[in-house]
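2 protein chains.
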Amino acid sequence: MKPPGRRTDSGDRLAKRRMAPDDRRLALLEIGLKLFGAKAYEAVSIDEICRAAGVSRPLLQHYFRGKQTFFIAVVDHAIATLEKTARRQAEDRSFNALEDNMRVFFTFMREHPAGATLIKGSGGVPEVAAQIEAFRLRTVDLVLEVLADDDPAPETVAAVHCWNGVNETLAARLLAEPHLTIDWAARFSRDALLALLAAAEGVSS
Amino acid sequence: MKPPGRRTDSGDRLAKRRMAPDDRRLALLEIGLKLFGAKAYEAVSIDEICRAAGVSRPLLQHYFRGKQTFFIAVVDHAIATLEKTARRQAEDRSFNALEDNMRVFFTFMREHPAGATLIKGSGGVPEVAAQIEAFRLRTVDLVLEVLADDDPAPETVAAVHCWNGVNETLAARLLAEPHLTIDWAARFSRDALLALLAAAEGVSS
Numbered sequence: 011m012k013p014p015g016r017r018t019d020s021g022d023r024l025a026k027r028r029m030a031p032d033d034r035r036l037a038l039l040e041i042g043l044k045l046f047g048a049k050a051y052e053a054v055s056i057d058e059i060c061r062a063a064g065v066s067r068p069l070l071q072h073y074f075r076g077k078q079t080f081f082i083a084v085v086d087h088a089i090a091t092l093e094k095t096a097r098r099q100a101e102d103r104s105f106n107a108l109e110d111n112m113r114v115f116f117t118f119m120r121e122h123p124a125g126a127t128l129i130k131g132s133g134g135v136p137e138v139a140a141q142i143e144a145f146r147l148r149t150v151d152l153v154l155e156v157l158a159d160d161d162p163a164p165e166t167v168a169a170v171h172c173w174n175g176v177n178e179t180l181a182a183r184l185l186a187e188p189h190l191t192i193d194w195a196a197r198f199s200r201d202a203l204l205a206l207l208a209a210a211e212g213v214s215s
Numbered sequence: 011m012k013p014p015g016r017r018t019d020s021g022d023r024l025a026k027r028r029m030a031p032d033d034r035r036l037a038l039l040e041i042g043l044k045l046f047g048a049k050a051y052e053a054v055s056i057d058e059i060c061r062a063a064g065v066s067r068p069l070l071q072h073y074f075r076g077k078q079t080f081f082i083a084v085v086d087h088a089i090a091t092l093e094k095t096a097r098r099q100a101e102d103r104s105f106n107a108l109e110d111n112m113r114v115f116f117t118f119m120r121e122h123p124a125g126a127t128l129i130k131g132s133g134g135v136p137e138v139a140a141q142i143e144a145f146r147l148r149t150v151d152l153v154l155e156v157l158a159d160d161d162p163a164p165e166t167v168a169a170v171h172c173w174n175g176v177n178e179t180l181a182a183r184l185l186a187e188p189h190l191t192i193d194w195a196a197r198f199s200r201d202a203l204l205a206l207l208a209a210a211e212g213v214s215s
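For the protein sequence lines, the chains are V and E, in the order given. Residues 11 to 215 (the numbering used here) make up the first sequence, in order. Residues 11 to 215 (the numbering used here) make up the second sequence, in order.
See the structure below:
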């Protein structure tokens, strides 16, 4: 059983008890993830954030200077959460682990439908564009690690970048097309990676 | 030989003679394509546009109300130019025509290096985001036409969308990685489409 003081799932409860600063910070980030995961950056107001979290505006500003700083921290938190799982699953360096990994990613993206648009436009915030681009590059590195190729050809690297493009597109398609399942997407994603790598080699040789 | 009055390649010359409104409009769009193709929307000023075109601010405003309207018209012009070639090549409904098509696209994207960023963030202009999304959908339709599948499975449609993602990523990689050639990218793109379609079928059956 969890101690009740550690429950962070509700803003109402959150407001009514004293929390350690790190716990409250995390609870605010989780609430931010829900709000910014549901609709676009511009559509979320500071008042809405405070109301959902059951905190005052000065308290929110004490933790995160303003809406944009909060948004950047939320994106950081979302990426870190995804990467923790990915890193763990990639440790066995297999393509099956990558498939599990993609299942986690697509589930997350379906639960946070604003994410697909965010990946494209970064909510117009340059810091977020940089965070997402860095995430892409780390994903490419992770796949190259799984490939265990110390000196990959630029064509191979390009194919892995393209796989990122495939996954971002798939996340958007899963929202647009209810007939598609996350299981299909995860398996397709794995097969697509293998196919793109084979195509890159076939073409470069 | 071209009649000299129809030359539209230089802003200087453009300013010094009377042009038919349609010709001048087209000449302004071509200059806009050069400017917005070279750097980001925010980085181009109205003064710079007028200087490059050798026209006064009121004349530019006569044709295009302001910078944003001009930008939207330039993106429209760019997409229309690309699609005219694509449509012509797709008429023979073959994957080799698609490869030629992609060569044209990647050449255009390399000549307009700001395009890859524009595709991602739409310069923050919602109308441009909608134009690019409509372009993506028409590209998907064009490929489905080439496939001649009247009732494609949602997995097949998703695979074609993913191919768009591959091409957009490739355009960015061609800028980042000088070792990659446009010929490689065009052939890889064609092979990637076939591979993605095969993967979609393999997974869905």
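In this text, a Cβ means the ideal position worked out from N, Cα and C, and glycines have one as well. Just so we're clear, the structure is a prediction, and the values are computed from it rather than from any experiment.
Closer than 9 Å to chain V by CB, Thr179(E)
Yes, Thr179(E) lies at the interface with chain V (some Cβ there is under 9 Å from its Cβ).
Ala124(E) at chain V interface by Cβ criterion, 9 Å:
Judged by the 9 Å Cβ criterion, Ala124(E) is not in contact with chain V.
Fill in: Separation of Asp201(V) from Glu117(V), as counted between CA atoms
Looking at the sequence itself, residue 117(V) is Thr, so the reference to Glu does not match. Each residue's alpha carbon lies about 18 Å from the other.
*For the alpha helix (DSSP H) containing Pro136(V), list its first residue and its last residue.*
Pro136 to Leu157
**Asked** Rounded to a whole number of angstroms, what is the C-alpha to C-alpha distance between Asp19(E) and Leu69(E)?
**Response** Reliability fails at Asp19(E), whose pLDDT of 47 lies under 50, so the model's placement of it is uncertain and the value that follows must be treated cautiously. For Asp19(E) and Leu69(E), the distance between alpha carbons rounds to 18 Å.
| query | Under 9 Å between the Cβ atoms of Ala124(V) and Ala62(V)? | reply | no
* What residues in the segment 63–97 of chain V have a beta carbon less than 7 Å from any beta carbon of chain E? -> none
>> Residues of chain E with CB closer than 8 Å to the CB of Gly42(V), please, in chain order.
In response: Here the premise fails: no neighbours, minimum Cβ distance about 22 Å.
Would you mind telling me which residues of chain E sit closer than 7 Å to Asn174(V), beta carbon to beta carbon, in chain order? Residues of chain E passing the Cβ test: Thr179.
Proximal residues of chain A, C-beta to C-beta of Leu206(E) below 7 Å:
Among the protein chains in the structure shown, which are V and E, there is no chain A.
query = Beta carbon of Val114(E), beta carbon of Thr127(E): below 9 Å?
reply = no
- Query: Taking the C-alpha atoms as reference points, what is the distance between Asp159(E) and His87(V)?
  - Reply: 43 Å
- Task: Give a yes or no on whether 9 Å exceeds the smallest Cβ distance from Lys130(V) to chain E.
- Result: yes
**Asked** Using the rule of at least 16 other Cβ atoms within 10 Å of the residue's Cβ for burial, across every protein chain shown, is Lys130(E) buried or exposed?
**Response** buried
Cβ-Cβ separation, Phe81(E) to Phe46(E) (assumed contact under 8 Å), whole Å: 6 Å
| query | Near Arg146(E), what residues of its chain come up, given a Cβ to Cβ distance below 7 Å and the 5 sequence neighbours on each side ignored? | reply | Asn174
Is Phe46(E) close to chain V? Criterion is C-beta to C-beta, closer than 9 Å.
no
How is Ser55(E) classed by DSSP in three states: helix, strand or coil?
DSSP places Ser55(E) in the coil class of the three-state scheme, outside both helix and strand.
Limits of the unbroken alpha helix (DSSP H) element including Leu69(V): Arg67 to Tyr73
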